[in-house]
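Engineer:
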Amino acid sequence: MRELQVSEIAAAVERLFVDANINLGEGVLKRLESAVDEEVSPAGKEVLRELLKNAEVASREQIPICQDTGLAIVFLEIGQDVHLAGGDLTEAVSTGVRNAYGKGYLRKSCCNPFTRQNTGDNTPPIVHASIVAGDRVRVVAMPKGGGSENYSEVRMLTPSAGVPGIKAFVLDMVKKGGPNPCPPITVGVGVGGNFETSALLSKEALMVPFGQRHPDPFVAGLELEMLDEINGLGIGPAGFGGKVTALDLHIKTLPCHIASLPVAVNIQCHANRLKEVTL
Amino acid sequence: MEIKRIKTPLSGETIEGLRSGDKVLLSGYIYTARDAAHKRFMDELREGRPLPLEVKGQVIYYCGPTPPAPGRVIGAAGPTTSSRMDAYAPTLLGLGLAGMIGKGKRSQEVRDAIRTYKAVYFGATGGAGALLSKRIKTYEIVAYGDLGPEAVARLLVEDFPVFVINDVFGGDLYEMGAGSYKKI
């Protein structure tokens, strides 16, 4: 059995959160560049160019892309043939987050839900761990801003609502968000599973690379149809009007109960901050 | 696109010269305040205490910046979603607040108060926190330091780029913008 020190996971978490907050991913950069050509509204084009310029300044001067450096969301895929040694895994992930937000001069945006007292170090992180085959550990860091997360929701639709019900819900959420979640957005949709897994699916959908379609041709078609409808809403970059309201839309699915049709929508801002490493 | 250069504090004349959709470069002092600071403003007023800043003619920026790295004035400093301050904004506008900078739509109550009290709502580009930080020359906490990123700070800005979203005549850039490109 392969042994991996949890301190290595802590170090990876620290590196990934600093990197994700300062350096926009290659995929997002390319997608924003193509969006400049697609956009027809002058104000929309200007906002897209501003966002690209922002990414350049952030990376060159090592300033975070956005002041909302997010709640720290960590996905861990732990190979079943790895022995995690040298301490508590949860504590190691927290240490990585604490170091990233402290030493990296990132904003601490985590607070008590009632008193609103800031926890001071952006912990605790939100950790989604799963056990997979193999002897590796995949670590994904997603700093998630509040502005986009606030326009996310789970709805328990009835089976009779079907595809029209899903589409209406997704469009409703994008309209409700309008300029607030920092468009051009990425839309993650989770369909099926149950109450809590639909929400997780919608978040995982945000991790699918730009332009990649669902393997099921029917779902892939639905992704493109919904993307087209969203981009017909006219919201545009920063909500100043235009046709690039969303950079992409991804659906993730799971079978569900015969009585249910759980659907979750998770909205992501233009930056779609995400960095990963496999240890 | 014509660019208007204006200075804070804002005069009535300056405000009346602005129209929804105008691109504006703002210079002078502005104040940061977001959720927790606004809640405290309301507590101060309810208990008969003065606000930590004289809001008359001033501009409040809905912003909670990242901490500055050594040798820098401020970290990333873009706008947060303004609608969360909708519950508090009419009270501050009633006290003479002249401008707000944020992102996203305002409630009908806020839009009405903007007309009634002759004020203006500006939008800065959401997500452009690194770029916007370059236009901030000084950062000084003036109240509620214990709130960390939510403290009230005085910023000296130079040519800070914003768009006029809601003007004093009832215009709304978001409605104008989306209306032009709507297909469904």
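From first to last, the protein sequence lines are chains A and B.
Numbering-wise, my numbering puts 1295 at position 112 of the first sequence, and it's gapless, one number per residue.
Numbering-wise, my numbering puts 195 at position 122 of the second sequence, and it's gapless, one number per residue.
Every residue gets a Cβ at the ideal spot worked out from N, C-alpha and C, and that includes glycine.
Indicate whether at least one CB of chain B lies closer than 8 Å to the CB of Pro1247(A).
Structural biologist: yes
Engineer: Enumerate in chain order the residues of its own chain whose CB-to-CB distance from Val1402(A) is below 7 Å, with the five nearest sequence positions on each side excluded.
Structural biologist: So the list reads Ile1434 and Thr1436, once near-sequence residues are dropped.
Engineer: For Ser37(B), go through chain A and note every residue whose CB falls closer than 7 Å to its CB, in chain order.
Structural biologist: Outside the displayed span of chain B (74 to 257) sits residue 37(B), for which this structure offers no information.
Engineer: For Gly1424(A), return the contacting residues in chain B, with the cut-off set at a CB-CB distance below 9 Å.
Structural biologist: Going along chain B in sequence order, the residues near Gly1424(A) (Cβ under 9 Å) are Leu246, Tyr247, Met249, Gly250, Ala251, Gly252, Ser253, Tyr254 and Lys255.
Engineer: Interface residues of chain B around Ser1490(A) at Cβ under 8 Å?
Structural biologist: Since the first residue shown for chain A is 1184 and the last is 1462, residue 1490(A) is missing from the structure and cannot be characterised.
Engineer: What runs of the alpha helix (DSSP H), each 4 residues or longer, lie entirely inside the region 1326 to 1400 of chain A?
Structural biologist: 1329 to 1332, 1345 to 1360 and 1378 to 1388
Engineer: Specify the secondary structure class of His111(B) as computed by DSSP and reduced to three states.
Structural biologist: helix
Engineer: Where in the region 122 to 203 of chain B do unbroken runs of the alpha helix (DSSP H), each at least 4 residues long, occur, reported from the N-terminal end onward?
Structural biologist: Within the region 122 to 203 of chain B, the complete alpha helix (DSSP H) runs of at least 4 residues are 162 to 167 and 181 to 189.
Engineer: Can you tell me whether Ser1228(A) is helix, strand or coil according to DSSP?
Structural biologist: The identity of residue 1228(A) in the sequence shown is Lys, whereas the question assumes Ser. DSSP places Lys1228(A) in helix when its eight states are reduced to three.
Engineer: Using the beta-carbon count (16 or more within 10 Å), is Lys1228(A) buried or exposed?
Structural biologist: Result: buried.
Engineer: With burial defined as no fewer than 16 other Cβ atoms inside 10 Å of the residue's Cβ, what is the status of Thr211(B): buried or exposed?
Structural biologist: exposed
Engineer: Assign Thr1302(A) to buried or exposed, taking buried as 16 or more other Cβ atoms, counted over all protein chains shown, within 10 Å of its Cβ.
Structural biologist: exposed
Engineer: Using a Cβ-Cβ cutoff of 8 Å, what residues of the region 1277 to 1307 of chain A are near chain B? List them in chain order.
Structural biologist: Tyr1288, Leu1289, Arg1290, Lys1291, Ser1292, Arg1299, Asn1301 and Gly1303
Engineer: Could you tell me whether any Cβ in chain A is nearer than 8 Å to the Cβ of Phe236(B)?
Structural biologist: yes
Engineer: Is any beta-carbon of chain B found at less than 8 Å from that of Ile1368(A)?
Structural biologist: no
Engineer: Hey, is Lys191(B)'s beta-carbon within less than 8 Å of any beta-carbon in chain A?
Structural biologist: no
Engineer: Given that a residue counts as buried once 16 or more other Cβ atoms are within 10 Å of its Cβ, and exposed if not, what is Gln1263(A)?
Structural biologist: exposed
Engineer: My output table needs one value for Arg1185(A): the three-state DSSP class, helix, strand or coil.
Structural biologist: The DSSP-derived three-state label of Arg1185(A) is strand.
Engineer: Cβ closer than 7 Å: which chain B residues qualify as neighbours of Leu1236(A)?
Structural biologist: First, the amino acid is wrong: residue 1236(A) is Lys here, not Leu. Simply Leu204.
Engineer: What residues from the region 176 to 191 of chain B come within 9 Å of chain A, judged by C-beta to C-beta, listed N to C?
Structural biologist: Here the close residues are Lys176, Gly177 and Lys178.
Engineer: Throw me the rounded Cβ distance for the Ser1331(A) and Cys1439(A) pair, which I believe falls under 8 Å.
Structural biologist: Their Cβ separation, rounded to whole angstroms, is 26 Å, which puts Ser1331(A) and Cys1439(A) out of contact at 8 Å.
Engineer: Output the distance between the C-alpha atoms of Ser1242(A) and Pro141(B), rounded to the nearest integer angstrom.
Structural biologist: 15 Å
Engineer: Where does Val1211(A) sit, in a helix, a strand or coil, going by DSSP?
Structural biologist: helix
Engineer: Is there a Cβ from chain B that is less than 8 Å from the Cβ of Cys1365(A)?
Structural biologist: yes
Engineer: Could you check whether the Cβ of Val1320(A) sits closer than 8 Å to any Cβ belonging to chain B?
Structural biologist: no
Engineer: If contact is defined by three or more beta carbon pairs under 8 Å, each pair taking one atom from either stretch, is the region 1252 to 1263 of chain A in contact with the region 1310 to 1318 of chain A?
Structural biologist: yes
Engineer: Taking Ala1203(A) and Ala1324(A) to be in contact with their CB atoms under 8 Å, please state how far apart those CB atoms are, rounded to whole angstroms.
Structural biologist: 5 Å
Engineer: Give the DSSP-derived three-state secondary structure of Arg1198(A) in the structure shown.
Structural biologist: helix
Engineer: Ile1413(A) and Val1374(A): beta carbons closer than 8 Å?
Structural biologist: no
Engineer: Do you know whose CA, among Glu89(B), Phe114(B), Leu99(B) and Val241(B), lies nearest Thr189(B)'s CA?
Structural biologist: Cα-wise, what sits closest to Thr189(B) is Val241(B).
Engineer: Suppose the cutoff is 7 Å on Cβ atoms and the five residues either side in sequence are ignored; what does the same chain contact list for Asn1363(A) look like?
Structural biologist: Gly1330 and Tyr1334
Engineer: Could you tell me whether the Cβ atoms of Gly1404(A) and Asp1431(A) are closer together than 8 Å?
Structural biologist: no
Engineer: Which first and last residues belong to the alpha helix (DSSP H) in which Leu1462(A) is found?
Structural biologist: Where Leu1462(A) is concerned, there is no enclosing alpha helix (DSSP H), given that its DSSP letter is neither H nor E.
Engineer: Starting from the Cα of Glu182(B), find the closest Cα among Pro138(B), Asn239(B) and Gly90(B) and give me that residue.
Structural biologist: Asn239(B)
Engineer: With distances taken from CA atoms, which of Pro1445(A), Leu1212(A), Gly1371(A) and Glu1233(A) is nearest Gly1345(A)?
Structural biologist: Pro1445(A)
Engineer: Quick one: grab the DSSP three-state call for Gly90(B).
Structural biologist: coil
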